[in-house]
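With the first letter of the sequence shown counted as 1, position 290 gets the number 326 in the working numbering; the numbers rise by one all the way through.
Using N, Cα and C, we set each Cβ at its ideal position, and we do this for glycine too.
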Amino acid sequence: MTQKFENLKKIENKINELCLLKKLQVEAEHRKRIKCVKTLRLFINTNVIKEKIFIRIDSRVINDFKNSEIMKFSDLIERTYIFTEEIIPTDATTENISLSNQTGKKYDSEDSGYISQCKQPGSSFVQEGTFCKNVDVYEWINQDSFIESFELRCPSSKININLVLVLKNTRNIYKLSLSLASLLSVASSTKPNLVGLLYKYVARNSLLDKNNVVKCDEALKNVFLIDSFVFTELPELLEEHLFPIDNIEFNFICNDENKFHCIDIPLEVDDLYQQPKIYDKGVYALERKIDSVSKIKTNLEKRSTIIKEFIESPINFINKWICLELEDFSNKTNVFRDDTVQEIMYDLLKGVI
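What follows is the structure, given as structure tokens:
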């Protein structure tokens, strides 16, 4: 009996492993289907007109031609920041330098780190040596679904432009710390997905006991710097390893020549138009199968415990079973024969009828 039970247990564990592997494969295929690589293409055109630079930035998302829909720049980018830096030569022999946009303050030629408060919002002047930097900050948020471009006018013939693109983060994706990214082989992910990945890691390495306490191996100790923790504390432990995702940033210089720049930025994003190849009903069927196997496992463990107890001492087992049944029968009989209980039951049944 014991040998047969051990064989059944091995078969059950093997079935559980196969079911879990199949479920993970389906989930991987499901996510792979809705992931796609898009190319964010920026067209930057600079024109010099009457010693002023006009900067026009157009954009488009190059689709992978799997469907007829075309994604737009605003589908991926939440907002755009433009930092324009104008280099203005100054006279180093002049003691004080007045700037028209200042609020009554002056530059001292000996002070190379002075920043003034300017009338124009988002604008500041910084003097470094014999040069004065006029820094303007612009923010663009698309509020028109038909317009995917904007234009700036810069009153100078030579400026340095820093363009910062803030990605849309509707799924709350975080950048991971180096230690956690090395453990999971993932650079960024959502918090629920990280909990799932860590659970798979803990279960695969048999680090979780019956009390939901995780005993950390060397890899987990390097990440969380503790020896053990309760699994329900995992979301709190992850907080210090989650960081905002990086923005896209690049620089270019505009001078007195008309120029055209084209920049391609590859992005891996969720496909907003395609449906998953594997539908939820397939995953749901596998989950039901795993639940049924878990119930069968629990029932077999109970039966195994009873049979082992009977094999060890049949007489004691029978006596114990008879005593328990008699005790339950006696308790039920005494309760039912109580006059107060019978009266209450009669009133309840009479009220229902």
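To the nearest angstrom, report how far apart Glu-276 and Asp-111 are at their CA atoms. Start at 1 with the first residue of the sequence shown, and residue 276 comes out as number 240. Start at 1 with the first residue of the sequence shown, and residue 111 comes out as number 75. If I take the Cα positions, the gap works out to 30 Å.
Could you work out which residue in Asn-178, Thr-120, Lys-344, Leu-201 is closest to Val-171 when comparing CA atoms only? Here residue 171 refers to the residue found at position 135 of the sequence shown. Nearest option by C-alpha distance: Thr-120.
How is the beta strand (DSSP E) around Asn-198 delimited, first residue to last? Working through the sequence shown from its first residue, we reach residue 198 at position 162. First-last of the beta strand (DSSP E) with Asn-198: 195–203.
Just mark Ser-225 as buried or exposed, buried being the case when its beta carbon has 16 or more other beta carbons within 10 Å. To locate residue 225, count along the sequence shown from 1; it is residue 189. Answer is buried; the Cβ neighbour count reaches 16.
Leaving aside the five residues before and after Thr-75 along the sequence, list all residues of the same chain whose C-beta is less than 6 Å from its C-beta, in chain order. As a position in the sequence shown, residue 75 is number 39, starting the count at 1. Beyond the five residues adjoining it in sequence on each side, Thr-75 comes within less than 6 Å, by CB distance, of Ile-98, Asp-300, Pro-302 in the same chain, given in chain order.
Going by Cα to Cα distance, which pick from Lys-295, Ser-330, Phe-279, Val-250 is closest to Ser-215? On the sequence shown, residue 215 is found 179 positions in, with the first residue counted as 1. The option with the nearest alpha carbon to Ser-215 is Phe-279.
Nearest to Leu-219 (by Cα), restricted to the options Tyr-235, Lys-204, Asn-208: Counting from one through the sequence shown, the residue named residue 219 turns up at place 183. When each option's Cα is compared against that of Leu-219, the closest is Tyr-235.
Pair every Cβ in the segment 266–275 with every Cβ in the segment 245–256, then say whether three or more of these pairs are closer than 8 Å. yes
Under the three-state reduction of DSSP, which class applies to Arg-207: helix, strand or coil? Residue 207 sits at position 171 when you count from the first residue of the sequence shown. If DSSP states are grouped into helix, strand and coil, Arg-207 belongs with coil.
My output table needs one value for Asn-248: the three-state DSSP class, helix, strand or coil. Translated into positions along the sequence shown, residue 248 becomes position 212. Reduced to three states, the DSSP call for Asn-248 is coil.
Measuring CB to CB, does Tyr-174 end up less than 8 Å from Ile-118? Position 138 of the sequence shown, counted from the first residue, corresponds to residue 174. Position 82 of the sequence shown, counted from the first residue, corresponds to residue 118. The answer is yes: Cβ separation under 8 Å.
I need the DSSP call for Ser-242, collapsed to helix, strand or coil. The residue given as residue 242 occupies position 206 in the sequence shown. Ser-242: coil per DSSP, three-state reduction.
Under DSSP, the alpha helix (DSSP H) around Asp-15 begins and ends at which residues? This structure cannot speak to residue 15, because the chain is shown only from 37 to 389.
Return helix, strand or coil for Leu-258, following the three-state DSSP convention. Locating residue 258 in the sequence shown gives position 222, where the first residue counts as 1. For the sequence presented, residue 258 should be read as Asn rather than Leu. The answer is helix: DSSP assigns Asn-258 an H, G or I state.
Neighbourhood of Glu-345 by C-beta, 8 Å cutoff - its chain only, sequence neighbours within 5 removed: Within the sequence shown, numbered from 1, the residue matching residue 345 stands at position 309. Answer for Glu-345: Phe-353, listed in chain order.
Locate the alpha helix (DSSP H) running through Ser-215, then write down its first and last residues. Residue mapping note: residue 215 aligns to position 179 of the sequence shown, counting from 1. It spans 214–220 - the alpha helix (DSSP H) in which Ser-215 sits, taken as one unbroken run.
Inter-residue spacing [alpha-carbon to alpha-carbon] between Leu-233 and Ala-217: Reading the sequence shown from its first residue, position 197 is the one you call residue 233. Reading the sequence shown from its first residue, position 181 is the one you call residue 217. Cα-Cα distance, rounded: 11 Å.
Those residues which DSSP pairs with Glu-304 across a bridge: The residue given as residue 304 occupies position 268 in the sequence shown. DSSP, once it has assigned bridges, lists Val-73 as partnering Glu-304.
Grouping DSSP H, G and I as helix and E and B as strand, with all else coil, what is Glu-345? Reading the sequence shown from its first residue, position 309 is the one you call residue 345. Here Glu-345 sits in helix by DSSP.
Helix, strand or coil at Glu-53 according to DSSP, with G and I counted as helix: Reading the sequence shown from its first residue, position 17 is the one you call residue 53. Looking at Glu-53 - three-state DSSP - the assignment turns out to be helix.
Of the residues Leu-273, Ile-85, Ile-47, Ser-185, the one placed nearest Arg-96, counting alpha carbons only: Along the sequence shown, read from residue 1 onward, the residue named residue 96 stands at position 60. Of the listed residues, the one whose Cα sits closest to Arg-96 is Ser-185.
Does DSSP put Glu-293 in a helix, a strand or coil? The sequence position of residue 293 within the sequence shown is 257, counting from 1. Coil, per DSSP.
Asn-178, DSSP secondary structure in three states: For the purposes of this step, residue 178 is identified with residue 142 of the sequence shown, where counting begins at 1. Three-state DSSP puts Asn-178 in coil, outside helix and strand.
Under 8 Å between C-beta atoms of Cys-298 and Ile-195: Taking the sequence shown and counting its residues from 1, one reaches residue 298 at position 262. Taking the sequence shown and counting its residues from 1, one reaches residue 195 at position 159. Not a contact, by the Cβ cut-off of 8 Å.
Short Cβ contact (8 Å threshold) for Leu-199 with Phe-79: As a first step, residue 199 is located in the sequence shown; it is residue number 163 there, counting from the start. As a first step, residue 79 is located in the sequence shown; it is residue number 43 there, counting from the start. For Leu-199 and Phe-79, no; Cβs fall outside 8 Å.
Look at the alpha carbon of Leu-54 and the alpha carbon of Ile-113, and state the distance between them as a whole number of angstroms. For the purposes of this step, residue 54 is identified with residue 18 of the sequence shown, where counting begins at 1. For the purposes of this step, residue 113 is identified with residue 77 of the sequence shown, where counting begins at 1. So the alpha carbons of these two residues sit roughly 41 Å apart.
Terminal residues of the alpha helix (DSSP H) in which Glu-272 lies: By 1-based counting over the sequence shown, the position of residue 272 is 236. Looking at the DSSP string, the run of the alpha helix (DSSP H) that includes Glu-272 is 270–274.
Whose C-beta lies closer than 8 Å to the C-beta of Leu-241 among residues of the same chain, with five residues either side of it excluded? Along the sequence shown, one-based indexing puts residue 241 at 205. Note that residue 241 corresponds to Asn in the displayed sequence, not to Leu. Taken in chain order, the residues that qualify are Asp-253.
Same chain, Cβ closer than 8 Å to Ile-197, neighbours up to 5 away in sequence not counted: Position 161 of the sequence shown, counting from 1, holds the residue named residue 197. Contacts found: Ile-91, Ile-118, Phe-119, Thr-120, Glu-121, Asn-287, Phe-288, Ile-289, Cys-290.
Keeping to the same chain, check which residues put their C-beta closer than 6 Å to that of Lys-333; ignore five residues upstream and five downstream. Walking along the sequence shown from the start, residue 333 turns up at place 297. Glu-48.
Give the C-beta separation of Ile-284 and Leu-201 to the nearest angstrom, bearing in mind that I take them to be a contact with Cβ-Cβ under 8 Å. Taking the first residue of the sequence shown as position 1, residue 284 is located at position 248. Taking the first residue of the sequence shown as position 1, residue 201 is located at position 165. The distance from the Cβ of Ile-284 to that of Leu-201 is about 4 Å, consistent with a contact at the 8 Å cut-off.
Do you know how far the Cα of Pro-271 is from the Cα of Pro-228? Counting from 1 along the sequence shown, the entry for residue 228 is found at position 192. Counting from 1 along the sequence shown, the entry for residue 271 is found at position 235. In a straight line, the C-alpha of Pro-228 is about 9 Å away from that of Pro-271.
Where Asp-375 and Asp-383 are concerned, what is the direct C-alpha to C-alpha distance, given to the nearest angstrom? As a working note, residue 375 is residue 339 in the sequence shown. As a working note, residue 383 is residue 347 in the sequence shown. Each residue's Cα considered, the two are about 12 Å apart.
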